[in-house]
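*Asks:* One structure coming up, written as structure tokens, with questions to follow.
Residue numbers (the working numbering): 6 to 224.
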């Protein structure tokens, strides 16, 4: 039981907020090469872990039986996962039970862990296809903040408009965007709607320079 308690206490990444602020400032000042879509800054995903990891763990793709959070919350399922990891020690060679379990979430067919779009790639797409200031981006499925981050961190001062039907995620996105603006001392406030993308927004007609998203997981 001590092993399980330790995992539950430490499963979510924990970061110092000053450290995250330095990552964001570095990324925002970084000159990205948008001629290719290699990931030039992997630290930036730590921001998404900090603000959204619990919601990411609650989500489940269609390819797995359980979400990561369902595994974490169930003594029985967590013991099954740990027994599997223990019996496949040649594959699971991380430094801790927590690290091995996170790896299990990615590789086991038992778990339907969702993936988040990389904010470096999002920003590169924006800067490649709309390389001019104050362009409007419409994200029809905001998700866990990666495209919001890519847009608000760009030197092009993009106007980001996004919709997402998940109320708790919408509130988290508002909090995340406020934090980004405070750190970067920016007044580039995004426009976020707690709606599904099937809801027609007449204000977007002839007002969008780039529409871009990735497949949603809601419902």
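The C-beta atom is built at its ideal place from N, Cα and C for all residues, glycine as well.
What's the call for residue 147, buried or exposed, on a 16-neighbour Cβ count within 10 Å?
*Replies:* buried
*Asks:* Pull the bridge partners of residue 137 from the DSSP assignment, please.
*Replies:* DSSP lists no bridge partner for residue 137.
*Asks:* Which residue or residues does DSSP assign as beta-bridge partners of residue 167?
*Replies:* 144, 197
*Asks:* Leaving out five residues on either side along the sequence, give the residues of the same chain with a beta carbon under 7 Å from the beta carbon of residue 46.
*Replies:* 32, 35, 125
*Asks:* From this set, 172, 155, 115, 96, which residue's C-alpha is nearest residue 122's C-alpha?
*Replies:* Taking only the C-alpha atoms, the option nearest residue 122 is 155.
*Asks:* Apart from the five residues just before and just after residue 20, which ones in its own chain have a Cβ nearer than 7 Å to its Cβ?
*Replies:* Leaving aside the five residues that flank residue 20 on each side, the residues in its chain whose CB is nearer than 7 Å to its CB run, in chain order, 51, 55.
*Asks:* Would you say residue 66 lies against chain B (beta-carbon separation less than 8 Å)?
*Replies:* Structure shown: chain B not included; a single protein chain is present.
*Asks:* Can you give me the C-alpha to C-alpha distance between residue 96 and residue 185, rounded to a whole angstrom?
*Replies:* Note on geometry: alpha-carbon atoms of residue 96 and residue 185 lie some 38 Å from one another.
*Asks:* Under 6 Å Cβ to Cβ from residue 65, same chain only, skipping five residues before and after it: list those, please.
*Replies:* 72, 117
*Asks:* For residue 213, name the three-state secondary structure that DSSP assigns.
*Replies:* coil
*Asks:* Give me the residue from 91, 206, 209 with the minimum Cα distance to residue 106.
*Replies:* 91
*Asks:* If you run the structure through DSSP and keep just helix, strand and coil, what is residue 125?
*Replies:* Helix at residue 125.
*Asks:* Could you tell me which uninterrupted beta strand (DSSP E) segments, each at least 3 residues in length, are contained entirely in the segment 81-132, listed from first to last along the chain?
*Replies:* None, since the segment 81-132 contains no complete beta strand (DSSP E) of that length.
*Asks:* Quick one: grab the DSSP three-state call for residue 161.
*Replies:* coil
*Asks:* Helix, strand or coil for residue 17 per DSSP?
*Replies:* coil
*Asks:* Near residue 138, what residues of its chain come up, given a Cβ to Cβ distance below 6 Å and the 5 sequence neighbours on each side ignored?
*Replies:* 161, 162
*Asks:* Going by C-alpha to C-alpha distance, which of 44, 84, 70, 130 sits closest to residue 111?
*Replies:* 70
*Asks:* Which stretch, first to last residue, makes up the alpha helix (DSSP H) that contains residue 54?
*Replies:* 50-63
*Asks:* Between residue 6 and the ligand NAD, is there a pair consisting of the residue's CB and a ligand heavy atom that are separated by less than 7 Å?
*Replies:* The model on display carries no ligand, and the ligand NAD is accordingly not part of it.
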